[in-house]
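Under this note's numbering, the first residue of the sequence shown is numbered 1, with each subsequent residue one higher.
Glycine included, each C-beta is placed from N, C-alpha and C at the ideal position.
First the structure, in the form of structure tokens, and then the observations on it.
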Amino acid sequence: MPAPTGPHPVGTTALHLTDTSRSDPWVPEAKARELMVTLWYPARAREGRRAPYMTAKESELTLKGKRVTGVPYDMLSRTRTNAFSDARPAGRKGSLPLVVLSPGFTMPRSTLTALAEELASRGYVVAGVDHTYENYATTFPDGRIAECVACDSDSDPGFGAKVAGVRAADVSFVLDRLTGPDAKWKGSSLIDPSEIALAGHSIGGAAAVAAMLKDRRVRAGIDMDGTTYARIPKKGLSRPFLFMGSAGHVPGGRDNSWDRDWRLLTGWKRWIALPGADHQSFTDVPLLAGPLGIALPDGLSAARSLEITRVYVRAFLDLHLRHEPQTILDRRSPRYPEVEFCAPDRRTCG
Numbered sequence: 001m002p003a004p005t006g007p008h009p010v011g012t013t014a015l016h017l018t019d020t021s022r023s024d025p026w027v028p029e030a031k032a033r034e035l036m037v038t039l040w041y042p043a044r045a046r047e048g049r050r051a052p053y054m055t056a057k058e059s060e061l062t063l064k065g066k067r068v069t070g071v072p073y074d075m076l077s078r079t080r081t082n083a084f085s086d087a088r089p090a091g092r093k094g095s096l097p098l099v100v101l102s103p104g105f106t107m108p109r110s111t112l113t114a115l116a117e118e119l120a121s122r123g124y125v126v127a128g129v130d131h132t133y134e135n136y137a138t139t140f141p142d143g144r145i146a147e148c149v150a151c152d153s154d155s156d157p158g159f160g161a162k163v164a165g166v167r168a169a170d171v172s173f174v175l176d177r178l179t180g181p182d183a184k185w186k187g188s189s190l191i192d193p194s195e196i197a198l199a200g201h202s203i204g205g206a207a208a209v210a211a212m213l214k215d216r217r218v219r220a221g222i223d224m225d226g227t228t229y230a231r232i233p234k235k236g237l238s239r240p241f242l243f244m245g246s247a248g249h250v251p252g253g254r255d256n257s258w259d260r261d262w263r264l265l266t267g268w269k270r271w272i273a274l275p276g277a278d279h280q281s282f283t284d285v286p287l288l289a290g291p292l293g294i295a296l297p298d299g300l301s302a303a304r305s306l307e308i309t310r311v312y313v314r315a316f317l318d319l320h321l322r323h324e325p326q327t328i329l330d331r332r333s334p335r336y337p338e339v340e341f342c343a344p345d346r347r348t349c350g
């Protein structure tokens, strides 16, 4: 992974959380919903060992699920990260904003590592959630592996809405366990529970809308190239929201869910488009594609797409969680001419 650009070393740890208040929506015979969550956070020092990107078995099942051949199946587990396992967290009590990351369907939480490490190096606590049974492999501490049960239902009517709703419930439970009286992380007291955002890729972006409608603790949201499913009520959603899209997500494009939602977003909002991006440009996938022998479409390079994603996501969070002005979100930047600002009422971007 490319090094993060912030001043803080990055620590990371994994949490196993069990929600006994609900059965698992994909495996009803499981009487509780189990989640694996990775936290990235500013650390006191670069100490200990580098964290693995994922396990060898997760790598194998992910590559097989994506039909990647011709490489060792443990290759993703060899990916070098910049975070140190269980490093001591740094910060003052109640000073660190919290950002929850929700990955795309079938994708593990690790595929948002480069963004997560960047935010942690800038003083955010980041919680990446594996939405169990919605990705190819989630490993629990006792060695059990949950595979993609939901993959067998992805053509069912109402599937997208179900996934968004399940993820919204997952996010609320994670917030309970990170900021509530029964907090499960030793650094939880550092989190500012009034400054929480959710950013998601693909259907994880749809979860951002769903979670904001369900839980007022989520005060800002980002959808990175995801069709939305949860219906915003007529009274609207007044908290800040950012749409970041590839060429397929422009006003009047083939997916009209953003046009529909735009009219009902009544607070601060922006819709930015990267015409040279593809659907995975907002994730680690372009960074991993070369070693895996995956051909990428012409357009933004992996390094450039990561830089843009990091810069604009961080600017949005700095504005709405830290209340620091960000002129880059007001107009097109000569430093990032690839990024266009969309005006849905005029069906234009530029």
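Those residues which DSSP pairs with residue i across a bridge
i: Asn135; result: Thr106
i: Trp40; result: Thr12, Val126
i: Val360; result: Residue 360 is absent from the model: the chain starts at 1 and stops at 350.
i: Arg322; result: In the DSSP output, where bridge partners are listed per residue, Arg322 has none listed.
i: Arg33; result: Asp19
i: Pro89; result: Ala43
Option in the options with minimal Cα separation from residue i
i: Val129; options: Thr62, Pro181, Gly200, Ala114; result: Gly200
i: Asp345; options: Ser301, Arg263, Tyr336, Lys269; result: Arg263
i: Asp225; options: Gly94, Asp154, Gly248; result: Gly248
i: Phe341; options: Phe243, Ala146, Gly252, Leu265; result: Phe243
i: Asp19; options: Trp271, Lys31, Thr12; result: Lys31
i: Asp259; options: Ile203, Ser95, Thr106, Ile232; result: Ile232
i: His323; options: Ile272, Val209, Ser194; result: Ser194
i: Arg144; options: Ala303, Arg239, Arg80, Lys57; result: Lys57
i: Ser110; options: Arg122, Thr81, Ala90, Gly160; result: Thr81
i: Val209; options: Thr69, Lys269, Ser188; result: Lys269
i: Ser301; options: Ala315, Gln280, Phe316; result: Gln280
i: Arg50; options: Pro25, Gly91, Met1, Val163; result: Met1
i: Phe173; options: Val100, Asp156, Leu112, Glu29; result: Val100
i: Ala161; options: Pro25, Ala315, Thr113; result: Pro25
i: Ala289; options: Glu47, Thr79, Pro52; result: Thr79
i: Gly48; options: Lys66, Leu112, Thr138, Thr13; result: Thr13
i: Ser155; options: Leu178, Phe105, Thr138, Thr113; result: Phe105
Cβ neighbours of residue i in the same chain (closer than 6 Å, five flanking residues each side left out)
i: Ala211; result: Ala168, Val171, Leu198, Val218
i: Leu98; result: Val125, Ile191, Ile196
i: Trp271; result: Phe243, Cys342
i: Val68; result: Leu292
i: Cys349; result: Val250, Ala273, Glu340, Cys342
Opening and closing residue of the alpha helix (DSSP H) in which residue i lies
i: Met212; result: 203 to 214
i: Ser85; result: That residue, Ser85, is in no alpha helix (DSSP H); its beta strand (DSSP E) goes 80 to 85.
i: Leu63; result: 56 to 65
i: Asp259; result: 257 to 262
i: Leu329; result: Unbroken run through Leu329: none, as it is neither H nor E.
i: Lys162; result: 159 to 179
i: Leu287; result: 285 to 292
Check whether residue i and residue j have beta carbons under 7 Å apart
i: Asp278; j: Pro297; result: yes
i: Ser85; j: Ser59; result: no
i: Thr228; j: Ser257; result: yes
i: Pro42; j: Ala127; result: no
i: Glu147; j: Pro4; result: no
i: Thr266; j: Gly299; result: no
i: Ser305; j: Pro275; result: no
i: Arg347; j: Pro240; result: no
i: Ala207; j: Ser102; result: yes
i: Arg122; j: Gly6; result: yes
i: Ile203; j: Val163; result: yes
i: Pro157; j: Asn135; result: no
i: Lys93; j: Ser189; result: yes
Residues near residue i in its chain [Cβ-Cβ closer than 7 Å; skip 5 each side]
i: Leu15; result: Val37, Leu39, Lys184, Trp185
i: Val313; result: Leu115, Ala199, Ile222
i: Val27; result: Tyr133, Val149
i: Leu321; result: Pro97, Glu195, Ala197, Ala220
i: Ala315; result: Gln326, Ile328, Leu329
Sequence-distant residues of its chain with Cβ nearer than 8 Å to residue i (five each side left out)
i: Ala45; result: Pro9, Ala87, Arg88
i: Val71; result: Leu63, Pro291, Leu292, Gly293
i: Asp176; result: Asp182
i: Phe140; result: His16, Glu34, Met36, Ala146
i: Pro325; result: Leu319
i: Asp74; result: Ala56, Ser59, Glu60
Range covered by the beta strand (DSSP E) that runs through residue i
i: Lys269; result: 269 to 273
i: Pro52; result: 50 to 52
i: Ala116; result: That residue, Ala116, is in no beta strand (DSSP E); its alpha helix (DSSP H) goes 113 to 121.
i: Ala343; result: 340 to 343
i: Ile222; result: 220 to 224
i: Gly245; result: 241 to 245
Contact test: residue i Cβ vs the ligand ADP heavy atom, cutoff 6 Å
i: Thr113; result: Questions concerning the ligand ADP fall outside what the structure shown contains, since it holds no ligand whatsoever.
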